[in-house]
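Protein chains: 2
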Amino acid sequence: MLYINSNIWLNINDKQMIRIRYRKLVVLLPSKNSPSPVSLPPNRPRLSTTQLPPSSCHGFSKGSSHFKASFSTRKIPASTSSLSMKEQIEAESRVEHVGLLNAVEDLYEGIVIEMKEPVDSTEFIPSLRASIVKWRQQGKKGVWIKLPIGLVSLVEPIVQEGFRYHHAEPDYLMLVYWIPDTPDTLPENASHRVGVGAFVLNSNGEVLVVKENSGGFKGTGVWKLPTGVVNEGEDIPSASIREVMEETGIDTEFMEVLAFRQSHRSFFSKSDLFFICMLRPRSFDIQKQDLELEAAQWMPIEDYVNQPYNKEHQLFKYVAEICKTKAKMDYSGFSAMPVAPDSGKETYLYFNNRDFN
Amino acid sequence: MLYINSNIWLNINDKQMIRIRYRKLVVLLPSKNSPSPVSLPPNRPRLSTTQLPPSSCHGFSKGSSHFKASFSTRKIPASTSSLSMKEQIEAESRVEHVGLLNAVEDLYEGIVIEMKEPVDSTEFIPSLRASIVKWRQQGKKGVWIKLPIGLVSLVEPIVQEGFRYHHAEPDYLMLVYWIPDTPDTLPENASHRVGVGAFVLNSNGEVLVVKENSGGFKGTGVWKLPTGVVNEGEDIPSASIREVMEETGIDTEFMEVLAFRQSHRSFFSKSDLFFICMLRPRSFDIQKQDLELEAAQWMPIEDYVNQPYNKEHQLFKYVAEICKTKAKMDYSGFSAMPVAPDSGKETYLYFNNRDFN
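Quick mapping for you: the protein sequence lines, in order, are chains A and B.
Using UniProt numbering, the first residue of the first sequence is number 1, and each one after it goes up by one.
Using UniProt numbering, the first residue of the second sequence is number 1, and each one after it goes up by one.
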């Protein structure tokens, strides 16, 4: 014979739930196919219907005046009579009130909890369970918990409730839980990193090129365009201007996206979008950044294009030839036009301005 | 007087370190500017030089025959004589061997630990500390720990060692630690989600449009292009073809990227790149997907462009007008050409094919 300590949750009002603790007698019948009554379903270790009853369990409670009579009771041991012979729930049930979590609803029937203050897991987890019972009753779908790294002690108990990771940044972890019995349609995490390469052509027909100190080009002697990673929240034109300034000290103005490349599995499992941008220089004197660069210079465009490396590597060959074509003024890339989207946030639309006007 | 229990780590060979536990007597002198000797530096709660001595501590050990004599000793209390009056290290030092972690070096002087098997934190943390001492001596920089969600119990102890989150996917958390005393140059997490909108024009001059069941367009009556999110590892052409097939059952061929838009803070703190793709239909009969769509149809392009919504919203107005211009055949977008980059991975370069050829 095996007793399982378990809970039933009942809704009182918007702010409180009642937890009825009980011990359930389970008769273990050996069977090859049926899982052990204490085993946990895959990916949902603890927020299963065994411990956190869905709406069906709420219906179950409706037939019991014993439970209804306990609504106003606070932490008082309940009757020891068994609830149902069939369920074999026995003696040690007791009832207590549990506070619900403060949460915000999103536009997709989801719930967002932003944790800020430290809280003990023995307080937080009962409130989380009770809140999920309520949200389930309300037909809510995804539950998001944003947990600052300072509250790392809550990660394990929340995962044990059946939550999974969604994404993380240096200072927080986002955990999610899908309530309904329908397939999980929670949106995926960010999938791409974005880079820029800058084609800066001066009025002498020279291109700004650099030799790198580290990475794949270290020691190859290859002269390449200044490149860098677009920061979170940064526009492509700003990123290309910033990278050129950081690496060479040259002040520039953004002109066009000449081409872009998408590649996969470039950073762990993430993909990469890389934009070749044409910039017009506003200054001429190079101030090389020493950390990443061995050298930087203005180089005649033909010399840049005709480097053996560019001839031998298809991607570099095309990029160099596109730059050369653009230098002859007979290539149209995508310009960037600021537009106001519905949200009012600043955004840029990139398109072939020459063909469109 | 205050005693601090602390550790010193000594390298034996590539696989083992010796930990010398000792108590350090600290005389607390009140000072407004100097931090408390037990206070922890910001962002580095525990892997400070107080507890995990850098290479300077290794030099310190070289002068001590007492320590050298202990190399072959296993969990035996060491001499109780103090090591140095100046250091005021006293009585209770003892020495034990600690296994080092299995790890892989990356191309950027970094260390990658992929955890797979369960391990108790009381075993793991001493090995991690010892390994970091060794990597510090070797001049290593970033330490990456990839921790499956099943090993969630290690998250808190690893964070307490000074690691921070880098990123997370549903089934794992990536933690990082920067060893040197130089600024942290670890690469950032993926920053963008990527979406596609499909402009599918048939030979009757009609465009494939849909009405959505949910989201911001629900109930607006607006006919819009089929849209969707690019999956991790998916090419833009494949994503646009897939989305049109999923939503409308229409088989298509990718032609060009007509325009794209970058926006920020569209999904938590992440940015968004959205590509308007022109596709040529290979079939005509629509099979509407019911989950996301209220309706789908072929619509004369003028009717699509002239919808009041498109006139009123700048971004939509431009996109519609670009599509209309393209329908008249006098607009050149970016075509996608497969190129072989150095890594040998398949990748696409997108550029103005008409101007380049």
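Quick reminder that beta carbons are idealized off the backbone N, C-alpha and C, glycines included.
Would residue i count as contacting chain B if we go by Cβ distances under 8 Å?
| i | result |
| --- | --- |
| residue 232/A | yes |
| residue 258/A | yes |
| residue 289/A | no |
| residue 156/A | yes |
| residue 377/A | Outside the displayed range of chain A (1 to 357) lies residue 377/A, so it cannot be described from this structure. |
| residue 242/A | no |
| residue 203/A | no |
| residue 105/A | no |
| residue 141/A | no |
| residue 19/A | no |
| residue 365/A | Past the edges of chain A, shown from 1 to 357, lies residue 365/A, and the structure says nothing about it. |
| residue 270/A | yes |
| residue 111/A | no |
| residue 34/A | Summary for residue 34/A: the model assigns pLDDT 41, below 50, so the residue's position carries little reliability; its value from the coordinates is reported in the next sentence. No, residue 34/A lies away from the interface with chain B (no Cβ there is under 8 Å from its Cβ). |
| residue 333/A | yes |
| residue 181/A | no |
| residue 173/A | yes |
Distance cutoff 8 Å, beta carbons only. Does residue i sit that close to anything in chain A?
| i | result |
| --- | --- |
| residue 371/B | Any property of residue 371/B remains undetermined from this structure, which presents chain B solely from 1 to 357. |
| residue 97/B | no |
| residue 304/B | no |
| residue 356/B | yes |
| residue 120/B | no |
| residue 169/B | yes |
| residue 191/B | yes |
In the structure shown, what three-state DSSP assignment does residue i receive?
| i | result |
| --- | --- |
| residue 297/A | strand |
| residue 178/B | strand |
| residue 148/A | strand |
| residue 335/B | strand |
| residue 183/A | coil |
| residue 18/B | strand |
| residue 356/A | helix |
| residue 260/B | strand |
| residue 236/B | helix |
| residue 340/A | coil |
| residue 317/B | helix |
| residue 36/A | A caution first: residue 36/A carries a pLDDT of 38, below 50, which makes its placement in the model unreliable, though a value can still be read off. Note: residue 36/A maps to coil in three-state DSSP. |
| residue 8/A | strand |
| residue 119/B | coil |
| residue 200/B | strand |
Relative to the alpha-carbon of residue i, which residue among the options has its alpha-carbon at the smallest distance?
| i | options | result |
| --- | --- | --- |
| residue 252/A | 187/A, 261/A, 281/A | 281/A |
| residue 132/B | 350/B, 250/B, 323/B, 15/B | 15/B |
| residue 188/A | 202/B, 169/B, 200/B, 205/B | 169/B |
| residue 166/B | 185/B, 266/B, 99/B, 262/B | 185/B |
| residue 247/A | 104/A, 336/A, 210/A | 210/A |
| residue 328/A | 308/B, 309/B, 356/B | 356/B |
| residue 180/A | 314/A, 214/A, 109/A | 109/A |
| residue 214/A | 205/A, 277/A, 290/A | 290/A |
| residue 338/B | 331/B, 351/B, 273/B | 351/B |
| residue 233/A | 244/B, 206/B, 245/B, 190/B | 190/B |
| residue 158/B | 136/B, 125/B, 262/B, 183/B | 125/B |
| residue 264/B | 270/A, 285/A, 347/A | 347/A |
| residue 333/A | 353/A, 318/A, 315/A | 353/A |
| residue 106/A | 203/A, 199/A, 309/A, 135/A | 135/A |
Is there a Cβ from chain E that is less than 8 Å from the Cβ of residue i?
| i | result |
| --- | --- |
| residue 297/B | No chain E is part of this structure, whose protein chains are labelled A and B. |
Which residues does DSSP pair with residue i in a beta bridge?
| i | result |
| --- | --- |
| residue 205/A | Answer is none; residue 205/A lacks a bridge partner. |
| residue 193/B | 272/B |
| residue 111/B | 105/B, 143/B |
| residue 252/A | 281/A |
| residue 165/A | 175/A |
| residue 212/A | 293/A |
| residue 347/A | 339/A |
| residue 224/A | 210/A |
| residue 99/A | 16/A |
| residue 230/B | According to DSSP, residue 230/B bridges with nothing at all. |
| residue 267/B | 270/B |
Relative to the ligand GDP, is the shortest distance from any of its heavy atoms to the C-beta of residue i smaller than 7 Å?
| i | result |
| --- | --- |
| residue 274/A | Absent from the structure shown: the ligand GDP. Ligands present: none. |
*Within the chosen definition, does the segment 172 to 179 of chain B reach the segment 161 to 174 of chain A through at least 3 CB pairs nearer than 8 Å?*
Counting C-beta pairs with one atom in each stretch, the segment 172 to 179 of chain B and the segment 161 to 174 of chain A have three or more that are closer than 8 Å, which means they touch.
*Quick check: the segment 228 to 241 of chain B against the segment 189 to 202 of chain B, are there 3 or more CB pairs under 8 Å?*
At 8 Å Cβ cutoff, the stretches touch.
*At least three beta-carbon pairs within less than 8 Å, the segment 213 to 222 of chain B to the segment 288 to 301 of chain B*: Cβ pair count under 8 Å is three or more, so yes.
*Count the CB pairs spanning the segment 298 to 318 of chain B and the segment 237 to 248 of chain B that are closer than 8 Å, and state whether there are at least three.*
Cβ pair count under 8 Å is below three, so no.
*Evaluate contact between the segment 318 to 327 of chain A and the segment 256 to 264 of chain A, counting only Cβ atoms and requiring at least three cross-stretch pairs below 8 Å.*
The segment 318 to 327 of chain A, when compared against the segment 256 to 264 of chain A, does touch it at the 8 Å Cβ threshold.
*Segment contact, 8 Å Cβ cut-off, at least three pairs: the segment 152 to 159 of chain B with the segment 110 to 128 of chain B*: Yes, since at least three Cβ pairs between the segment 152 to 159 of chain B and the segment 110 to 128 of chain B fall closer than 8 Å, the two stretches touch.
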